[in-house]
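First comes the structure, then the notes that go with it.
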């Protein structure tokens, strides 16, 4: 659903010819009903009007909206197909709308699955429908304020996530990890990703007005999802579920379930009662090894397969690492030195 809304918002975002046409209609205090798709399903419920078959432009859309009836645009939005068309959808399709134009738009969207835009002449509101999805476009100043507020929240969440990951990593080097630290890091990852998804909606709705927001977010979201997947890969014992599926399951939960760390432990494949989060666990080593420069993932897999967990990898000598397929003496030294540097950096970060 969120992906679909983002795609729709990008079509009607500021900076696009469609949004320019919609704004012209709003400023003239007119209404409009615009259907995207001259499919057979749309043709079945369309009557009257006239063919336009002209290239789409904001000016044409504005002029045609002065007439009664719906405007039909090609599915790709590049051509205006017809105008002054009467739409007669199935009246048995439920609608929560009260105005005739909006009620028709909602029913057409549900019946045909096409994108339909309705502009209220009285209220000056643009409403977008696609299938059963409905989205009311908001004033850009309101969206921008909400986006800036969400970025501030993201900054705070990212700081807390970084602290959780640093704490987890230090304990991994000390071989003292419990499920509490693991699930806390995964929980914080998902909470941060949810803020990112919210900002994506704002960015899509703001269109060309979102440049500064995008620049701020790009700095903050680097590697969040990938690190979360590597944490899951390090600890999951649910062999039938790849890390992406597990993160997807957690992502589908309501907020109250996400607060329950024991639920995260169980989706990772662990069992137990009230003390489930006190279980001592060992990472396989995928995430920390990913921090070693120029270490290909197939080589990382060979290392994990050979030693079994990160504690044994950390204790391995250069000679033992050299015996692993794909690792020569030079790469073995690189791994040992890289792990040592990373540990020293962690200590600085932990007590900063």
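Numbering (our numbering), first residue to last: 8 to 359.
Cβ atoms here follow ideal geometry from the backbone N, Cα and C, with glycine treated the same way.
Check	Outcome
Taking just the CA atoms, how far does residue 205 sit from residue 15?	15 Å
If I measure Cβ to Cβ from residue 313 and keep anything under 6 Å in the same chain, skipping five residues before and after, which residues do I get?	331
Quick check: what's the CA-CA separation for residue 64 versus residue 37?	18 Å
At which residues does the beta strand (DSSP E) containing residue 86 begin and terminate?	86 to 94
If you follow the beta strand (DSSP E) that residue 62 is part of, which residue opens it and which one closes it?	57 to 62
Is the stretch 338 to 346 touching the stretch 288 to 300, taking contact as three or more C-beta pairs under 8 Å?	yes
Output the distance between the C-alpha atoms of residue 304 and residue 246, rounded to the nearest integer angstrom.	20 Å
Along the beta strand (DSSP E) that carries residue 125, what are the first and last residues, could you check?	122 to 126
Could you tell me if residue 95 is buried or exposed, where buried requires 16 or more neighbouring beta carbons within 10 angstroms of its beta carbon?	exposed
Using the beta-carbon count (16 or more within 10 Å), is residue 277 buried or exposed?	buried
Let me make sure I understand the geometry here. Which of 108, 262, 113, 316 has the alpha-carbon closest to that of residue 100?	113
Using C-beta distances below 8 Å, list every residue in its chain close to residue 121, excluding the 5 sequence neighbours before and after it, in chain order.	42, 43, 44, 46, 48, 49, 82, 115, 137
Residue 284 and residue 190 - do their beta-carbons sit closer together than 8 Å?	yes
My understanding is that residue 59 touches residue 20, with C-beta atoms under 8 Å, so please give their C-beta distance in whole angstroms.	The Cβ separation is near 24 Å, so there is no contact.
Report back the beta-carbon spacing between residue 76 and residue 106 to the nearest angstrom; my notes put them in contact at under 8 Å.	Not confirmed; about 15 Å, so no contact.
Going by beta carbon distance, what residues of the same chain come within less than 7 Å of residue 11, once the five residues before and after it are set aside?	137, 140
Quick check on this structure: which residue in 216, 200, 213 has the alpha carbon closest to the alpha carbon of residue 227?	200
If residue 211 sits next to residue 13, beta carbons under 8 Å apart, how far is it from one beta carbon to the other, in whole angstroms?	5 Å
Is residue 92 closer than 8 Å to residue 214 when the C-beta atoms are compared?	no
With burial defined as no fewer than 16 other Cβ atoms inside 10 Å of the residue's Cβ, what is the status of residue 195: buried or exposed?	buried
Residues bridged to residue 141 by DSSP?	136
Quick check: the Cα distance between residue 235 and residue 62, rounded to an integer number of angstroms?	46 Å
Our contact map puts residue 134 next to residue 125 with C-beta atoms below 8 Å; I'd like the distance itself, whole angstroms only.	5 Å
Between which residues of its own chain and residue 182 is the CB-CB distance below 6 Å, once the five residues before and five after are set aside?	318
Could you have a look at residue 100 and say whether DSSP puts it in helix, strand or coil?	coil
Shortest alpha-carbon distance to residue 146 belongs to which of 111, 33, 179?	33
With C-beta atoms as the reference, is residue 311 less than 8 Å away from residue 292?	yes
Within the same chain, show all residues whose beta-carbon is closer than 8 Å to that of residue 237, passing over the 5 residues directly before and after it, in chain order.	250, 293, 294, 297
With DSSP as the reference, please indicate the residues paired to residue 65 in a beta bridge.	Answer is none; residue 65 lacks a bridge partner.
Hey, residue 158 and residue 143 are a contact pair by Cβ (cut 8 Å); roughly how many whole angstroms apart?	With a Cβ gap of about 23 Å, residue 158 and residue 143 do not count as contacting.
Could you give the first and the last residue of the continuous beta strand (DSSP E) run that contains residue 334?	Element bounds for residue 334: n/a, residue is neither H nor E.
Output needed for residue 123: all residues of its chain with C-beta closer than 6 Å, excluding positions within five of it in sequence on either side, in chain order.	42, 112, 115, 116, 136
Give every residue of the same chain whose Cβ lies closer than 8 Å to the Cβ of residue 184, excluding the five residues on either side of it in the sequence, and list them in chain order.	175, 178, 287, 288, 289, 290
Below 8 Å on the Cβ atoms is my guess for residue 202 versus residue 164; work out the distance and round it to an integer in Å.	6 Å
Thinking just about the alpha-carbon of each residue, which of 84, 54, 40 is nearest to the one in residue 109?	40
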